[in-house]
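Worksheet: one structure, shown below.
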Amino acid sequence: MTKLKKDFYVREDVVQIAKDLLGKYLFTKIDGKLTAGIITETEAYAGITDKASHAYNNRRTNRTEIMFAEGGLTYVYLCYGIHHLFNVVTNIKDVPHAVLIRAVKPVEGIDVILKRRNIKMEEDISLLLKNTKNKIAGGPGTVSQALGIKTKHSGFDLTGDKIWIEDKGIKISKKDIITTPRIGVGYAGEDAKLLYRFVINL
DNA sequence: CGGCCGATCCACT
DNA sequence: GTGGATCGGCCGA
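So for the first sequence, the working numbering puts the first residue at 6; every next one is plus one.
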């Protein structure tokens, strides 16, 4: 196995990191249960100059403080009072960049994942997994639910043994990456137009 | 301390 | 296509 190391996350270009994360395997071992999915959708959040970022204008609060740490940590927060959204902190200390993981394709611990998502075992699971619009972990809230990630898992070390990402050699060619503006950031003015969302179809 | 609102999802029409 | 659910974080008083 080739777990991504600190140097992967500490790089400067958060947009490049968001693209590089496509096709990587996101693993969690939470409550003693191993689950994983292939990352199929990401969004880049470019720190203090990015109006869509929680760290815009150098805003430091108890919640956002984690993003100011050196890259390689998790940043999990609650959205709409319900959804736990999972992010990867990148860049050097005091540069609060992050990548939101918006979708994964489950590959490990499917039974656990279905249970967590409260989805009945269907006759043909592959139907549910088809394309990135899968109902199992096809949105940022459902990714966290499927993998057992909660806000209490914010600030975890991605080189540790609870939440980590592996490179299993899947090569994503440039032409297979769909690039679009980010979702749900209409309040960010001009920055809402930035092409910071990246999707692949597996 | 109170009020507002969000990097969403799902059930329903 | 739409609206309700639901609550922690943030900000202003």
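Backbone N, C-alpha and C fix where the C-beta goes; we use that ideal spot for every residue, glycine too.
Original post:
Is it true that the segment 60-77 meets the segment 33-41, where meeting means three or more beta-carbon pairs spaced less than 8 Å apart?
Top reply: no
Original post:
Looking at the unbroken beta strand (DSSP E) that takes in LYS34, where does it start and where does it end?
Top reply: Locating residue 34 in the first sequence gives position 29, where the first residue counts as 1. Its beta strand (DSSP E) spans residues 30-35.
Subject >> GLU46 in three-state terms, based on DSSP >> reply: To locate residue 46, count along the first sequence from 1; it is residue 41. Strand, per DSSP.
Subject >> Identity of the residue in PRO101, ALA151 and VAL19 nearest ASN123 by Cα >> reply: Along the first sequence, one-based indexing puts residue 123 at 118. Ranking the options by Cα distance to ASN123, first place goes to ALA151.
**OP:** May I have the straight-line CA-CA distance separating GLU70 from SER58, to the nearest angstrom?
**Re:** One-based indexing of the first sequence puts residue 70 at position 65. One-based indexing of the first sequence puts residue 58 at position 53. C-alpha separation (whole angstroms): 13 Å.
**OP:** Please name the residue, chosen from LEU200, PRO186, ALA142 and ARG202, that lies closest to LEU31 on a Cα-to-Cα basis.
**Re:** The residue labelled residue 31 in the question sits at position 26 within the first sequence. Comparing Cα positions, the closest option is ALA142.
**OP:** Inspect the CB distances between the segment 94-107 and the segment 45-53 and report whether three or more fall short of 8 Å.
**Re:** yes
Original post:
In this structure, does DSSP put ALA151 in helix, strand or coil?
Top reply: Reading the first sequence from its first residue, position 146 is the one you call residue 151. ALA151 falls in the helix class under three-state DSSP.
**OP:** Drop a sphere of 10 angstroms on the beta-carbon of MET72, count the other beta-carbons inside from all chains shown, and report buried for 16 or more, exposed for fewer.
**Re:** As a working mapping, residue 72 is identified with position 67 in the first sequence. MET72 should be labelled buried.
Original post:
Does the distance from the CB of ARG16 to the CB of THR95 come in under 8 Å?
Top reply: Working through the first sequence from its first residue, we reach residue 16 at position 11. Working through the first sequence from its first residue, we reach residue 95 at position 90. Yes.
Original post:
What residue does the beta strand (DSSP E) around LYS110 start on, and which one ends it?
Top reply: Within the first sequence, residue 110 is the residue found at index 105, counting from 1. LYS110 -> beta strand (DSSP E) spans 102-113.
Original post:
What residue does the beta strand (DSSP E) around VAL19 start on, and which one ends it?
Top reply: On the first sequence, residue 19 is found 14 positions in, with the first residue counted as 1. Unbroken run through VAL19 is the alpha helix (DSSP H), 19-25; no beta strand (DSSP E).
Original post:
Apart from the five residues on each side of it in sequence, which residues of its chain come closer than 6 Å, Cβ to Cβ, to TYR14?
Top reply: Locating residue 14 in the first sequence gives position 9, counting from the first residue. For TYR14, where only same-chain residues beyond five positions count, the Cβ hits under 6 Å are GLY76, GLY77 and THR95.
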